[in-house]
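This report concerns only the one structure given below.
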Amino acid sequence: MQIKSAEFITSASSLADCPAWEYPEFAFIGRSNVGKSSMINLLARRESLAKVSATPGKTRLLNFFLMNKSWSLVDLPGYGFAKAAKNEKFDFNERAGDYLENRPNLRRVFTLIDSRHPPQRIDLDFLTWLGGTGVPFSLVFTKTDKQSPAKTRASIALFMETLAPQVSALPAALTSSTKTGDGRKDILRAISREDA
Ligand code: GDP
Numbered sequence: 239m240q241i242k243s244a245e246f247i248t249s250a251s252s253l254a255d256c257p258a259w260e261y262p263e264f265a266f267i268g269r270s271n272v273g274k275s276s277m278i279n280l281l282a283r284r285e286s287l288a289k290v291s292a293t294p295g296k297t298r299l300l301n302f303f304l305m306n307k308s309w310s311l312v313d314l315p316g317y318g319f320a321k322a323a324k325n326e327k328f329d330f331n332e333r334a335g336d337y338l339e340n341r342p343n344l345r346r347v348f349t350l351i352d353s354r355h356p357p358q359r360i361d362l363d364f365l366t367w368l369g370g371t372g373v374p375f376s377l378v379f380t381k382t383d384k385q386s387p388a389k390t391r392a393s394i395a396l397f398m399e400t401l402a403p404q405v406s407a408l409p410a411a412l413t414s415s416t417k418t419g420d421g422r423k424d425i426l427r428a429i430s431r432e433d434a
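Residue numbering for the sequence shown follows our numbering, beginning at 239 and increasing consecutively.
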């Protein structure tokens, strides 16, 4: 798929506030600093498209972009650990949760995982929850340029092995690098299979 146009449309503060359209939506989520903004810019080939969602006041909102005037990329707030929680529990933006559970035109969620780290509890907890919603999802292992392909493969294998007991079916695993462009085509291909 060629990206011919990419425009920021709106930020929503609740499910009710999301655009009243029927475009198929593809959502991107991950822990902060995983490389989500860089990836959105890479997909769109726009240097600063995702900058809008990183502006103060928008990082906790759902940010909608319209691509090729035919599908929507949704930049969801990242997740983190609840600061006050006794047992480290993932702190998840409620509006993102509501959107993921209840948005009829959501086609697929891409969850970004840093390919350099061993499996992180926070990602596993989120994916276990996401698996329970029944929404189709894929994983994207980011920043592959920072290590050898063999290390990335090992990291993905370990992650999948750790995730397996917690989900009913293992998701597809893609990779990405904003430095080399790795993954861009695969992600766009996955979207184009489902954007009708
Ligand atoms: P976000 O918080 O998930 O939106 O993450 P950003 O896109 O802002 O990226 C966080 C940091 O990681 C920035 O310093 C990026 O330049 C860097 N980064 C993101 N993706 C890549 C990548 O694929 N390769 C490398 N080497 N650095 C990356």
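Yeah, the Cβ is synthetic: ideal placement off N, Cα and C, and Gly gets one too.
All values reported here derive from a predicted model rather than from experimental measurement.
(message) Tell me whether GLY273, by its Cβ, gets closer than 6 Å to a heavy atom of the ligand GDP.
(response) Looking up residue 273 in the sequence shown gives position 35. Yes.
(request) Please confirm whether ASN343 and PRO257 have their CB atoms less than 7 Å apart. (result) As a working note, residue 343 is residue 105 in the sequence shown. As a working note, residue 257 is residue 19 in the sequence shown. If you check the CB distance, ASN343 and PRO257 do not come in under 7 Å.
(message) Using a 10 Å radius around the Cβ and a threshold of 16 neighbouring Cβ atoms, would you call PRO403 buried or exposed?
(response) The count along the sequence shown starts at 1 and reaches residue 403 at position 165. With fewer than 16 Cβ atoms within 10 Å of its Cβ, PRO403 is classed as exposed.
(request) Say yes only if the C-beta of LYS307 is nearer than 6 Å to one or more non-hydrogen atoms of the ligand GDP, and no if none qualify. (result) For the purposes of this step, residue 307 is taken as residue 69 along the sequence shown, with counting starting at 1. With a cutoff of 6 Å, LYS307 does not count as near the ligand GDP, since its C-beta is closer than that to no heavy atom of the ligand.
(message) Rounded to whole angstroms, what is the Cα-Cα separation between GLU339 and PRO409?
(response) Reading the sequence shown from its first residue, position 101 is the one you call residue 339. Reading the sequence shown from its first residue, position 171 is the one you call residue 409. The C-alpha of GLU339 lies about 18 Å from the C-alpha of PRO409.
(request) Could you say if the stretch 239–254 and the stretch 388–397 meet the contact criterion of at least three C-beta pairs nearer than 8 Å? (result) A contact between stretches requires three or more CB pairs, one per stretch, nearer than 8 Å, and the stretch 239–254 fails this requirement with the stretch 388–397.
(request) Work out the CA separation of ARG427 and PHE379 for me, nearest whole Å. (result) As a working note, residue 379 is residue 141 in the sequence shown. As a working note, residue 427 is residue 189 in the sequence shown. One C-alpha to the other measures close to 16 Å.
(request) Can you have a look at LEU401 and say buried or exposed, based on whether 16 or more other CB atoms are within 10 angstroms of its CB? (result) Position 163 of the sequence shown, counting from 1, holds the residue named residue 401. Under a 10 Å Cβ-count criterion, LEU401 is classified as buried, with 16 or more other Cβ atoms of the shown protein chains found around its own Cβ.
(request) Return the CA-CA distance between THR349 and GLU260, expressed in angstroms with no decimal places. (result) Working through the sequence shown from its first residue, we reach residue 349 at position 111. Working through the sequence shown from its first residue, we reach residue 260 at position 22. The straight-line gap from Cα to Cα measures roughly 22 Å.
(message) Suppose you measure from the CA of ARG283 to the CA of LYS307; what does that come to, to the nearest Å?
(response) Locating residue 283 in the sequence shown gives position 45, where the first residue counts as 1. Locating residue 307 in the sequence shown gives position 69, where the first residue counts as 1. Pairing ARG283 with LYS307, the inter-Cα distance amounts to about 16 Å.
(request) Less than 8 Å between the CB atoms is what I'm expecting for THR293 and PRO315, so what's the real figure, rounded? (result) For this step, residue 293 is matched to residue 55 along the sequence shown. For this step, residue 315 is matched to residue 77 along the sequence shown. In fact, because the Cβ distance is near 13 Å, the residues do not count as touching under 8 Å.
(message) Alpha carbons only, please: which of LYS381, LEU377 and THR382 is nearest the one belonging to MET398?
(response) The residue given as residue 398 occupies position 160 in the sequence shown. Checking every option, the nearest Cα to that of MET398 belongs to LEU377.
(message) With DSSP as the reference, identify every bridge partner of ALA411, one or two as the case may be.
(response) Position 173 of the sequence shown holds residue 411. As computed with DSSP, ALA411 is found in a beta bridge with LEU377.
(message) Just to confirm the assignment, what range does the beta strand (DSSP E) spanning PHE437 have?
(response) It is not possible to answer for residue 437, since the shown part of the chain is limited to 239 through 434.
(message) Which residue marks the beginning of the alpha helix (DSSP H) containing THR297, and which one marks its end?
(response) Position 59 of the sequence shown, counted from the first residue, corresponds to residue 297. From DSSP, THR297 is part of no alpha helix (DSSP H); its letter is neither H nor E.
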